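Inspection log for the structure reproduced underneath, given as structure tokens.
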Ligand SMILES: *Cc1c(COP(=O)(O)O)cnc(C)c1O
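Residue numbers (my numbering): 253 to 589.
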């Protein structure tokens, strides 16, 4: 039986071309800032976003956590959506790594508004934590791959500037949003103080994330990365996959979005599905009428792997290791369930 893995876009394995890029990578000691491939990847990313500098790290979690640490002091408060990855999926890292607390906002599929952010800022009062940072997530993972309206991001930016708050983007899947909404990396670079992007999601690298910001911020981030244990030596073998992915794997994300739409349409006809968040990018989250684990077990029995992300929600994520044959097979299996 063919196994079709929709659990996450992190399950991809390097293509032969990506492996070749790894094998041919020029490397050095990156803790000495001497790895030519890491340096090149960081320069490429900074340039793409029109920002001054960037730093490579092993995971998106570390990249976000370094960013938050650099933007905050212990006792500060960070504003984010109630289902934000930085809050629900990073092991309490904001508390343990930065000594900061979180004020959450109920978003629309993970998207918060400028009005909500403004209302969440604490007054300058000794009783209150100092609000210092706003984190957005685009696309929103738990929001089913939803994308922000850039005009709203601009409004939130103004609130941040007016109130002297730092502005961080968890852009684990930002490239999905860019291709879906025809936006540019530079628009985002102009707007945020720091951006974390994942290479290990839709871009298909085995590991790695990049944090992008201005020179002073990245200098601070280099120290924090070392403290967090993320200083790697000949990381260029991995950075080479990132260089390859930024060159070859961005435009093709559109394909993943088409696949997600096809899955959404097939699921719509099923009696065991109560509702579906319209697929905007590569994630489909469907609410089930029956226990989600029964649905995932039934799919699994047919070779389709998904995640039951809650008692009544299943999640499909499309990615570059899903072939056209797998898509056809998936649609057939769903139709026959
Ligand atoms: C995957 C993900 C991350 C980082 O995850 P790692 O597994 O640590 O690379 C951060 N934010 C979002 C929204 C994600 O989906």
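Even for Gly, the Cβ is constructed at its ideal location relative to N, Cα and C.
Given the structure is predicted, the values throughout are model-derived calculations rather than measurements.
- Verify the contact flag: residue 356, CB atom, against every heavy atom of ligand 1, threshold strictly below 6 Å. Distance from the C-beta of residue 356 to the nearest heavy atom of ligand 1 is not below 6 Å.
- Task: Out of 531, 271, 491, point me to the one whose CA is closest to residue 282's CA.
- Result: The closest CA to that of residue 282, considering only 531, 271, 491, is found on 491.
- Buried/exposed call for residue 314, threshold 16 Cβ in 10 Å: By the beta-carbon neighbour count (other beta carbons within 10 angstroms, threshold 16), residue 314 is buried.
- Query: Which residues mark the beginning and the end of the alpha helix (DSSP H) in which residue 322 is found?
  - Reply: 312-323
- Item | Same chain only: Cβ atoms within 6 Å of residue 257, ignoring 5 sequence neighbours per side | Scanning its chain for C-beta atoms nearer than 6 Å, with the 5 sequence neighbours on each side dropped, one finds around residue 257 the residues 263, 557, in chain order.
- If you compare alpha carbons, which of 552, 512, 472 is closest to residue 454? 512
- From the DSSP output, in three-state form, read off residue 413 for me. helix
- Using only alpha-carbon positions, find the residue among 447, 406, 442 that is nearest to residue 423. 447
- For residue 532, verify whether its CB is less than 6 Å away from any heavy atom of ligand 1. no
- With distances taken Cα to Cα, identify the nearest neighbour of residue 535 among 507, 542, 585. If we check each option's Cα against that of residue 535, 507 comes out closest.
- Query: What do you reckon, is the C-beta of residue 549 under 6 Å from a heavy atom of ligand 1?
  - Reply: no
- Message: Can you check which of these residues, 326, 542, 518, is closest to residue 526 by C-alpha distance?
- Response: 542
- Message: Could you check if residue 299 belongs to the surroundings of ligand 1, using beta carbon to heavy atom distance under 6 Å?
- Response: no
- Query: In terms of residues, what are the limits of the alpha helix (DSSP H) holding residue 582?
  - Reply: That run of the alpha helix (DSSP H) goes 576-588.
- Query: In whole angstroms, what separates the C-alpha of residue 330 from that of residue 480?
  - Reply: 20 Å
- Message: Less than 7 Å between C-beta atoms, sequence neighbours within five positions excluded: which residues of the same chain meet that for residue 474?
- Response: 307
- Query: Looking only at C-alpha atoms, which of 392, 443, 397 sits nearest to residue 406?
  - Reply: 443
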